[in-house]
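Student: Supplied in structure tokens, the structure appears directly below.
Chains as they are written, first to last, in my numbering: chain A, 1320 to 1761; chain B, 69 to 206.
Take a look at the structure:
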């Protein structure tokens, strides 16, 4: 089934993981505001199921895109189709084991990777295979790589680095010093997010270029300068997570300085805004383009928030509050998911024999607006809840219970908007998923 | 941008990153954190991970949001060891009773005592500087 459609198989599985992640996320949100809901699958199992499935969505769809684009659009047949298929099967097998470990309450890892550490080994091996296959494939292409090939290569390389780093806690030197362990854990997590951002943003540039039919976009000087700025932030811009940890002051200052370089990206977005807006009207009928436009707006919103919470004086009040969640979820849903959905729509339209029926297209377009509107409500609720919590704890010196009682009404609205968003995403995802599966069956 | 310029910049950045990572790994932590955890606290740390306590609780504001930050649960006024022990053993409306053995509860308490000595969270005493930086818990 996947022999000729490796990329399509990855993204179909990715879309299923996205729906699974949203389902568990919705249940977890319900349990957050109404404790005791669905006791047979408690919150401490639901949350890792939600997080791991959403992380799986990000990797499956970005990796699937690379497997699809390389032979089909870049003219670089995979160095080893077989290695690609083995990668797919290892992913499925490990994914099933991870899900079972959560269901049976077998944990042992750290944030993002809560499963027993032994399961990190197949993930590591499969990624090495993917990296080997990718570099062997792209080294056969012209040396003047477009920026997305650099970004994909960087994302693959740094995932290996940060994934390894996130397991340094198994060594007593790190494990037996809580401050050092948390510092290194968040250094790894920060760069890990940077590494998947490289895969995703590379995909965004690729899809945009193909929609526009302009191959020069990915070879401009500004594209490479933006990539190098992103790379610098991937490596050094993570410490806003640990400002209040008793580490050395230079770690905070250095990261603060690096984070502020992202102001250049913000300025670039504002500078390009007018032309982006007029162009977006022209191509808005193209489904994948529609998601890229939404991602552009969410990048602006989330980058502004990221810059603000990287200022230590603001971070003091936002750290450990729902504003951090707004930053994480806003980026994961508003930016990453929008871009990856654009890529999925692009691939499925290319691979499938038939267009969407008018009914399907109407459902997708309605789902798109429901998805984006509810995400805005979801995001604003988290900002309000976070601000209330930050002020409540740092300024008013309220207890945790008092703060939670105060923000519970806004969290109920947040939960409701989450459910509406789930419905919107279902409307967006089901038609292309059906198309992809029927294509895989042929 | 010529290929060689990209390669040099990438190489320079990666080398800087490796040196930087080395300094982060070996940087000083507060004197209390330098003390190695007791064997009991080490067992408590593993139990913390095996029961996925981080999914609800935080240390230094990092972790889940369902439950409170536990960095200073042992030394906070109105809380302390007895309070923590009682909650672990009975559970609450939001936290299940994990039915831990007495020795396991002791280990988790030992771990919480160790973490408590390493610093203060959330930040209660601070000075905000004109450049936007902060002096924490002075």
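Backbone N, C-alpha and C fix where the C-beta goes; we use that ideal spot for every residue, glycine too. Bear in mind the structure is a predicted one, so any value in this text is a computation, not a measurement.
So, with DSSP's three-state summary, where would you put residue 1667/A?
Tutor: helix
Student: Enumerate in chain order the residues of its own chain whose CB-to-CB distance from residue 1424/A is below 7 Å, with the five nearest sequence positions on each side excluded.
Tutor: Annotation for residue 1424/A: 1364 place their beta carbon closer than 7 Å to its own, counting only its chain and skipping 5 residues before and after.
Student: Just checking: is the beta-carbon of residue 119/B within a distance shorter than 8 Å of some beta-carbon in chain A?
Tutor: yes
Student: Note down, in chain order, every chain B residue with its Cβ under 7 Å from the Cβ of residue 1570/A.
Tutor: 92 and 95
Student: Since residue 1363/A meets chain B, which of its residues come closer than 7 Å, beta carbon to beta carbon?
Tutor: 120, 123 and 124
Student: So which residues of chain A does residue 196/B contact, with C-beta pairs closer than 9 Å?
Tutor: Per Cβ cutoff of 9 Å: 1631, 1632 and 1635.
Student: Bridge partners for residue 202/B per DSSP, in chain order?
Tutor: Beta-bridge pairing links residue 202/B to 196/B.
Student: Closer than 8 Å by C-beta to residue 1644/A: which residues in its own chain qualify, once you throw out the five before and the five after it? Chain order, please.
Tutor: 1701 and 1705
Student: Can you have a look at residue 186/B and say buried or exposed, based on whether 16 or more other CB atoms are within 10 angstroms of its CB?
Tutor: Of the residues assessed, residue 186/B falls on the buried side of the cut-off, its CB having 16 or more other CB atoms within 10 angstroms.
Student: Does the beta carbon of residue 158/B come closer than 8 Å to any beta carbon on chain A?
Tutor: Closer than 8 Å to the CB of residue 158/B there is not a single CB belonging to chain A.
Student: Within this structure, are the beta carbons of residue 1522/A and residue 1658/A separated by less than 8 Å?
Tutor: For residue 1522/A and residue 1658/A, yes; Cβs fall inside 8 Å.
Student: Alpha carbon to alpha carbon, how far is residue 1370/A from residue 142/B? Give it in angstroms, no decimals.
Tutor: Each residue's alpha carbon lies about 30 Å from the other.
Student: May I ask you to report which of helix, strand or coil DSSP gives residue 1490/A?
Tutor: coil
Student: Can you give the Cα-Cα distance for residue 145/B and residue 129/B, rounded to whole angstroms?
Tutor: 19 Å
Student: Could you tell me which whole alpha helix (DSSP H) segments of length 4 or greater appear in the region 1462-1541 of chain A?
Tutor: 1466-1484, 1491-1494 and 1497-1531
Student: Using a C-beta to C-beta distance shorter than 9 Å, which residues of chain B count as neighbours of residue 1465/A?
Tutor: Going along chain B, no residue has its Cβ under 9 Å from residue 1465/A, so there is no contact; the nearest lies around 12 Å.
Student: Helix, strand or coil for residue 131/B, going by three-state DSSP, please let me know.
Tutor: Looking at residue 131/B - three-state DSSP - the assignment turns out to be strand.
Student: Please confirm if residue 1515/A has its CB atom under 8 Å from at least one CB of chain B.
Tutor: no
Student: Using the DSSP secondary-structure output, state which residues sit across from residue 108/B in a beta bridge.
Tutor: Per DSSP, residue 108/B has no beta-bridge partner at all.
Student: Please name the residue, chosen from 1761/A, 1332/A and 1511/A, that lies closest to residue 1549/A on a Cα-to-Cα basis.
Tutor: With distances taken between Cα atoms, residue 1549/A lies closest to 1511/A.
Student: Identify whether residue 1557/A lies in helix, strand or coil by the three-state DSSP scheme.
Tutor: Coil at residue 1557/A, not helix or strand.
Student: Determine the extent of the alpha helix (DSSP H) in which residue 1723/A is found, giving its start and end residues.
Tutor: 1719-1760
Student: Is the region 1612-1622 of chain A close to the region 1647-1655 of chain A, with three or more CB pairs under 8 Å?
Tutor: yes
Student: Can you check whether the CB of residue 204/B is closer than 8 Å to the CB of residue 194/B?
Tutor: yes
Student: In chain order, what residues of the same chain have a beta carbon less than 6 Å from the beta carbon of residue 1696/A, not counting five sequence neighbours either side?
Tutor: 1736
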